[in-house]
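Trainee: Got a structure for you, questions after.
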């Protein structure tokens, strides 16, 4: 049987040739992302800013009467609602700020939910209330700080691991490419205005895991080649490593993207943002392993000397790594 | 490396069978599962509320109010103890400020006697003190709270509150609530499959503290309207006051609390035919109620629920037997809800709903259906791709992948873990990671063959060299998953659980199990050529 080859044998693409350009574009995109988040802001869900979100489906209508809803719900005296379609045309989410004083008296929030839902049911007999999320200001602050903490802890944790398993330059490269991926994902959410909620934090953490996975595979090969080809110039060595792992990179990205694309297209609407963030993250993460994590090693002056036993202190460590992994120089 | 002793093969196969067996009950329809449960234990995966539909309610206790209640109780017991002391000890200038209680012992020579009376009141069963006792200016006794006393009180109050909520929800019928304490002052209530969360919220949020107080009939209505009361009285809200004024003044002392009830039932008022609630005190409460009504015939007494007067009828005759009726402007529903709340006891502390998430059952079912559909399509696509690219070794990877899915479900069922929507996404990711391990191995074998190694050697080197990257990649994922679990909340935790289980099972199936199969194949066929 003839097998499929995702990448032809002996592929040798000079990836590193464009490293300066790629880096410049990445920096630009990162700056743009930060700028967008700072100016346009993220469309935070009730998880992070508190408030109430009612999800409703108009079972007998082709599409939800968004403009009409904005008016009727707005006229209830609780301020202007944020109304968005999500998923199907006839599904909406209605987001409201919690009424004044709801922190002290949760009855107010309940009353608001009840008033809105009964108004919906009165105006539209075919409405089905799919869910109500109500989060107080105190809890949303906690969720936000906990989410950010989880993100920072994960980035720091895995980078420290890389530092111990490889060398400090690799740790820097890893944390940089993670920062790159996370920043760009933030940028994606700022530009699209997709709702940013707790699930997106989970997606970001997954992106971190996946992107690192990719980086580790490339780094592992770089380390192996550094010990194998002492004299090779760094850029060529990185190119060789990336090319050698290229068919794995393509194969894995494709395999992981497959279920994610299916999730984005056919998956539950509730996790659309989550799936989209992950699919985006896979692409960005794969790119960053090649164009961020690898070239940084050149700029941080990694060379074969980093893993060769020398008379100095770090020699013992290099030796240990050499033995552990049974590398043959 | 490719050498597998017989005992290892047995062990690995047993693990596979066990892991997958635990998954079976979760995959069966409910009716079949029930049948099976008669013969063997059937651990099942719990569906999170986002999938099953239901309500998640996070309640938080008001700790400052608890301290205030404790202080009030302390004042009560100190006053009673002083009055009952023999000889009686007169105290004056009682004040509560900054969480401490202080008062003067009128007769300086009795300060020591007063201390003796107080000490048993402020010591607890473990021998430590809940309050510090100090004496100022010779005769002023100050009782200030000890922080451990506050903590113990909160802890007990939360335990009681949890039981009370449990009783209240059980009174609603066949729901299967999960009620757990979270942190120091929070309680999570999760009720799957609930259609109408409003009724539930009305029920569990109510403190249901019932009190009977005498109305201050000498109060000046103008003063009351401004919220001012005479010494010894207090002004309470009274929305249904027939005089039109939404406030009423009541005497602070001389009332009784309604926490000593044995029964509370919804009923209809015999005269007006409006909904009402009948209550029955226990014997001690009944005696106190009889005494209070006996001493105050023809006076008005206020029925106070959670600090709000619901009605203020006249005491026409002493009420013996401890049965009374509470009427106010009730509906049938609210009378029913109040009797449930009263029956299950008052919450020892005010609870507020700080977070609520409800998912309708239709949306949940839709999420499951589409989530599973996506998982099936995605997995099938991977299986086809793996076979096309790696042939025989791709098939090994595919069988491993299917077993992996079974084992994740099995371990989750065994650990009684909860599957949430992000959990399904975690599933998808784990499948991807499992495939990645096989891709790494197979690519490496391909490379080694290309470098001219013989088949068996290439396989050995391939597994060995790829293992290193697989180990590092999965270690970092474990780190991320553990941190997710520690810092995450709600749905994120559901995701972290699947990820942690999936990482372990995927390394097991993708590396160990496929290696076992490959080694059998190598041993049996001694291949000299390999298409990969």
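Chains as they are written, first to last, in my numbering: chain A, 1 to 329; chain B, 1001 to 1532. Note that CB positions come from ideal geometry on N, CA and C, so glycine has one too.
(1) Could you give the residue range of the alpha helix (DSSP H) that holds residue 58 of chain A?
(2) Consider the Cβ of residue 1358 of chain B: report whether some Cβ of chain A lies at a distance smaller than 8 Å.
(3) Would you report the Cα separation of residue 1040 of chain B and residue 1430 of chain B, rounded to the nearest angstrom?
(4) Does the beta carbon of residue 1222 of chain B come closer than 8 Å to any beta carbon on chain A?
(5) Rounded to whole angstroms, what's the CA-CA distance from residue 1350 of chain B to residue 1187 of chain B? Just pull it up for me.
(6) Give a yes or no on whether 8 Å exceeds the smallest Cβ distance from residue 268 of chain A to chain B.
(7) In terms of alpha-carbon separation, which member of B/1204, B/1157, B/1179, B/1146 lies closest to residue 1168 of chain B?
(8) Quick one: does residue 274 of chain A have its CB under 8 Å from some CB of chain B?
(9) Considering only the beta carbon of each residue, do residue 1532 of chain B and residue 1442 of chain B sit closer than 8 Å?
(10) With DSSP run on the structure shown, which of helix, strand or coil describes residue 1124 of chain B?
(11) Could you please give me the residues that DSSP links to residue 1247 of chain B through a beta bridge?
(12) Could you tell me whether any Cβ in chain B is nearer than 8 Å to the Cβ of residue 81 of chain A?
(13) Less than 8 Å between C-beta atoms, sequence neighbours within five positions excluded: which residues of the same chain meet that for residue 273 of chain A?
(14) Could you work out which residues of chain B lie near residue 114 of chain A, taking near to mean beta carbons separated by less than 7 Å?
(15) Among A/276, A/138, A/92, whose alpha-carbon lies nearest the alpha-carbon of residue 117 of chain A?
(16) Cutting at 6 Å between CB atoms, please list the residues of its own chain near residue 152 of chain A, excluding the five before and the five after it.
(17) Candidates B/1507, B/1459, B/1473, B/1493: which alpha carbon is nearest residue 1519 of chain B's?
(18) Rounded to whole angstroms, what is the Cα-Cα separation between residue 280 of chain A and residue 185 of chain A?
(19) Output needed in chain order: residues of the segment 182–209 of chain A with a Cβ under 7 Å from some Cβ in chain B.
(20) Could you tell me which whole alpha helix (DSSP H) segments of length 4 or greater appear in the segment 1271–1308 of chain B?
(21) Can you pull out the residues from the segment 121–132 of chain A whose beta carbon lies closer than 8 Å to at least one beta carbon of chain B?
(22) By DSSP's criteria, residue 1263 of chain B is part of a beta bridge. Which residues make up the other side?
(23) For chain A, find out if any of its Cβ atoms is closer than 8 Å to the Cβ of residue 1379 of chain B; answer yes or no.
(24) Please confirm whether residue 1408 of chain B and residue 1502 of chain B have their CB atoms less than 8 Å apart.
(25) Throw me the rounded Cβ distance for the residue 143 of chain A and residue 48 of chain A pair, which I believe falls under 8 Å.
(26) Of the choices B/1233, B/1157, B/1108, B/1050, whose alpha-carbon is the least far from that of residue 1069 of chain B?
(27) Compare the beta carbon distance of residue 1265 of chain B and residue 1277 of chain B with 8 Å and say whether it is the shorter of the two.
(28) Helix, strand or coil: which one does DSSP assign to residue 1079 of chain B?
(29) Kindly say whether residue 1160 of chain B, judged by its beta-carbon, lies nearer than 8 Å to any beta-carbon of chain A.
(30) Three-state secondary structure (DSSP) at residue 1505 of chain B?
(31) Relative to the C-alpha of residue 1178 of chain B, which candidate in B/1049, B/1466, B/1008 has its C-alpha closest?
(32) Let me confirm a value: residue 1270 of chain B is counted as buried when at least 16 other C-beta atoms fall within 10 Å, else exposed. Which label applies?
(33) Measure from the C-beta of residue 1421 of chain B to each C-beta in chain A and report whether the shortest distance is under 8 Å.
(34) With distances taken between CB atoms, is the gap from residue 215 of chain A to residue 150 of chain A smaller than 8 Å?
(35) Applying the 10 Å Cβ sphere with the 16-neighbour rule, what's the burial state of residue 1008 of chain B?
(36) Take residue 1184 of chain B as the anchor and find which of B/1395, B/1162, B/1115, B/1199 has the nearest alpha-carbon.
Mentor: Answer, in terms of the structure:
(1) That residue, residue 58 of chain A, is in no alpha helix (DSSP H); its beta strand (DSSP E) goes 51–58.
(2) The beta-carbon of residue 1358 of chain B is placed less than 8 Å from the nearest beta-carbon of chain A.
(3) Between residue 1040 of chain B and residue 1430 of chain B, the alpha-carbon positions lie close to 30 Å from each other.
(4) Chain A, which has no Cβ nearer than 8 Å to the Cβ of residue 1222 of chain B, makes this no.
(5) About 12 Å.
(6) Residue 268 of chain A belongs to the set of residues whose beta carbon lies under 8 Å from a beta carbon in chain B.
(7) Comparing Cα-Cα distances from residue 1168 of chain B to each of B/1204, B/1157, B/1179, B/1146, the minimum goes to B/1204.
(8) So, interface residue.
(9) Yes, these two residues count as a Cβ contact at 8 Å.
(10) Coil, per DSSP.
(11) Note: residue 1247 of chain B sits in a beta bridge opposite B/1237.
(12) Nearest CB-CB separation between residue 81 of chain A and chain B: not below the 8 Å threshold.
(13) Excluding its 5 nearest sequence neighbours in each direction, residue 273 of chain A has C-beta neighbours in its own chain below 8 Å: 189, 194, 195, 196, 197, 199, 200, 203, listed in chain order.
(14) The answer, in chain order, is 1198.
(15) Per the Cα distances, A/92.
(16) Nothing listed; no residue qualifies.
(17) Residue 1519 of chain B has its Cα closest to that of B/1459, out of B/1507, B/1459, B/1473, B/1493.
(18) If I take the Cα positions, the gap works out to 7 Å.
(19) Within the segment 182–209 of chain A, the qualifying residues are 198, 199, 201, 202, 205, 206, 208, 209.
(20) Complete alpha helix (DSSP H) runs here, min 4: 1283–1295.
(21) Going along the segment 121–132 of chain A in chain order, one finds 128, 129, 130, 131, 132 with a Cβ nearer than 8 Å to chain B.
(22) BP columns for residue 1263 of chain B point to B/1280.
(23) Answer yes: the Cβ-Cβ gap between residue 1379 of chain B and chain A drops below 8 Å somewhere.
(24) Yes. Within cutoff.
(25) Between residue 48 of chain A and residue 143 of chain A the Cβ distance is about 6 Å, and since that is below 8 Å, they are a contact.
(26) Of the candidates B/1233, B/1157, B/1108, B/1050, the one whose C-alpha sits nearest the C-alpha of residue 1069 of chain B is B/1157.
(27) It is a contact, given that the beta carbons lie within the stated cut-off.
(28) Of the three classes helix, strand and coil, the one that applies to residue 1079 of chain B here is helix, per DSSP.
(29) Using a Cβ-Cβ cut-off of 8 Å, residue 1160 of chain B does not count as an interface residue toward chain A, since no Cβ of chain A sits closer than that to its own.
(30) Secondary structure at residue 1505 of chain B: helix, using DSSP grouped into helix, strand and coil.
(31) Nearest of B/1049, B/1466, B/1008 to residue 1178 of chain B, Cα basis: B/1049.
(32) Taking all protein chains in view, the Cβ of residue 1270 of chain B is surrounded by fewer than 16 other Cβ atoms within 10 Å, so the residue is classified as exposed.
(33) Chain A, which has a Cβ nearer than 8 Å to the Cβ of residue 1421 of chain B, makes this yes.
(34) No; because the gap between Cβ atoms is not below 8 Å, this pair is not in contact.
(35) With fewer than 16 Cβ atoms within 10 Å of its Cβ, residue 1008 of chain B is classed as exposed.
(36) Ranking the options by Cα distance to residue 1184 of chain B, first place goes to B/1162.
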